[in-house]
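I have placed the structure first, in the form of structure tokens, so that the comments after it can refer back to it.
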Amino acid sequence: MTVTDSHPATPLPLLLLGRGADSATERGVECPGDLPAASDPDLVDRARRAREALGERAFLLGHHYQRDEVIQFADVTGDSFKLAKDAAARPEAEYIIFCGVHFMAESADILTGDHQQVILPDLAAGCSMADMARLLQVEDAWARLTDAGVAASTVPITYMNSSADIKAFVGRNGGAVCTSSNAQRALEWAFERGEKVLFLPDQHLGRNTAVLQLGMSLDDCVVIDPHKPNFGVSDDELANARMLLWKGHCSVHGRFSIDSVNDVRARVPGVNVLVHPECKHEVVNAADYVGSTEYIIKTIADAPSGSAWAVGTELNLVKRLAQEYPDKNVVFLDRNVCFCSTMNRIDLPHLVWAMESLVEGRVVNRIEVDADTSHWAKVALDRMLALPAR
Ligand code: SF4
């Protein structure tokens with residue numbers, strides 16, 4: 001592990017399996033090996049019965065990237081921010097069952113009441129992007145900016161896809177959360193308050209928004225690499241840059257390449273390439289359309305019959321869009337990029353286990369953010385909610 005000059009090494013570079021542990025979640029730990037397949041009708045039936053037994057006491061949220069076998073039981077579907085707001089709008093639900101990943105369940109806990117309990121069916125459903133920015137690393141980077149004399153003129157902005165403690169850090173330091181839908185407004189807001197932005201944890205969303213929507217140049221951006229001495233930047237580079245991009249990325253969207261775009265254009269005549277802004281800058285540049293998950297869904301829904309689309313986002317969603325709109329040719333942008341492995345950790349056996357446990361009065365895999373972190377993370381979330389509409 002690389003040790004930076006300015007601070008001691010943090011204990012682990014990534015928390016690939018989420019935060020916290022509950023061995024009862026892990027089917028591999030005690031499982032005798034006789035669990036039925038996810039599509040087993042008995043399992044589907046058990047899920048239905050458990051869901052019925054829970055009734056209004058539970059509210060089940062399903063992120064767009066979840067498997068079909070799970071999404072069929074969702075009361076609402078959406079992106080991470082919509083789902084957190086949906087959860088907050090259901091104060092009568094005792095249990096919020098979040099079929100998504102860890103940072104999303106944390107946001108739901110922050111935005112829901114103390115009487116509500118948020119459940120993540122598998123604690124191993126983390127997010128590799130969120131895990132690329134850890135609080136100790138970010139605090140050390142902030143100290144580096146302070147030493148270089150630029151922290152006072154820097155506003156931190158964190159993408160929704162970050163852990164609660166990073167959101168809280170941003171809240172404490174005068175910054176805000178953003179989503180892929182409102183990143184431009186969040187950056188404009190930040191530049192009214194400071195000369196520079198520290199953008200966490202997705203370098204691609206930060207760079208794409210700064211260059212394509214705010215008209216900056218690539219030279220205005222530097223990358224803050226927590227695994228390099230001095231975070232990989234000189235004092236001069238910090239002084240001259242406007243966008244300080246944390247070196248994080250999505251392990252799904254970051255894999256699409258120019259070759260993916262060229263290949264699909266050769267394979268599918270007249271295809272429109274539609275990608276998420278978590279993709280690399282060169283991929284976004286080569287695409288025809290770029291936008292958030294909700295934008296992608298709406299673009300396909302509104303597209304004329306017979307049109308062809310190559311979509312660069314998570315495969316579960318692309319497959320569902322292709323099934324939903326058989327009159328349009330919707331294909332996945334790359335033949336080799338796979339599902340989001342952590343999103344896919346939530347499967348029907350875990351969901352059934354979580355729901356049946358609740359029916360029996362046992363709360364499992366509760367996600368609970370401590371009061372101080374929750375307070376400051378909510379400050380950052382509220383600043384986002386107060387961003388002026390465009
Ligand atoms: S798709 Fe990317 S950002 Fe979303 S949960 Fe998976 S790794 Fe994280």
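Residues in the sequence shown are numbered consecutively from 1, following UniProt numbering. For each residue, glycine too, the CB sits at the ideal point set by N, CA and C.
Any non-hydrogen atom of the ligand SF4 within 7 angstroms of residue i CB
i	result
Asn262	no
Tyr295	no
Cys250	yes
Cys340	yes
Cys279	no
His375	no
Glu314	yes
His115	no
Phe65	Note that residue 65 corresponds to Tyr in the displayed sequence, not to Phe. Checking every heavy atom of the ligand SF4 against the Cβ of Tyr65, one is found closer than 7 angstroms.
Asn161	yes
Val150	no
Cys127	yes
His204	no
Met132	no
Val101	yes
His227	no
His253	yes
Residue burial classification, residue i (beta-carbon count within 10 angstroms, cutoff 16)
i	result
Asp79	buried
Pro32	Reliability of the predicted coordinates at Pro32 is poor, the pLDDT of 43 falling under 50, and no value is obtained from them.
Cys338	exposed
Ala287	buried
Leu187	buried
Spatial distance of residue i from residue j (CA atoms)
i	j	result
Ala322	Lys328	7 angstroms
Glu52	Leu351	14 angstroms
Glu30	Gly55	Per-residue confidence for Glu30 stands at a pLDDT of 42, beneath the threshold of 50, marking its modelled position as unreliable; no derived number is given.
Ser374	Thr293	26 angstroms
Ala87	Arg57	13 angstroms
Gly248	Ile166	13 angstroms
Trp376	Leu385	14 angstroms
Phe169	Glu192	20 angstroms
Cys99	Lys228	35 angstroms
Ala151	Arg362	46 angstroms
Asn173	Leu200	13 angstroms
Leu120	Gly194	37 angstroms
Met129	Glu368	21 angstroms
Ala371	Thr158	20 angstroms
Val359	Ala50	7 angstroms
Val283	Asp42	44 angstroms
Option in the options with minimal Cα separation from residue i
i	options	result
Lys280	Ser260, Pro269 and Asn272	Ser260
Glu94	Val290, Val44, Gln116 and Leu333	Gln116
Asp334	Phe256, Val359, Glu282 and Arg362	Phe256
Ile110	Lys378, Ala183 and Val363	Lys378
Phe231	Leu198, Leu218 and Ala354	Leu198
Gly291	Asp42, Ala108 and Thr313	Thr313
Arg242	Leu205, Asn285 and Val155	Val155
Val331	Asn182, Asn316, Lys196 and Asp225	Asn316
Val44	Asp347, Arg383, Val252 and Pro388	Asp347
Asp122	Gln213, Gln72 and Ile97	Ile97
Ala389	Val273, Asp68 and Arg185	Arg185
Neighbourhood of residue i by C-beta, 6 angstroms cutoff - its chain only, sequence neighbours within 5 removed
i	result
Asp75	Phe59 and Leu60
Pro91	Gly113
Ala148	Asp235 and Leu238
Ala84	Ser107, Ala108 and Leu111
Ala141	Ile224 and Phe231
Val233	Val222
Cys250	Met129 and Glu278
Cβ shell of residue i (< 7 angstroms), same chain only, five flanking positions each side left out
i	result
Cys127	Val101, His102, Phe103, Asn161 and Thr342
Glu106	Ser163, Ala164, Ile367 and Val369
Arg383	Ala176
Own chain residues within Cβ distance below 8 angstroms of residue i, not counting five before or after
i	result
Leu205	Tyr159, Ser180, Ala183, Phe199, Pro277 and Glu278
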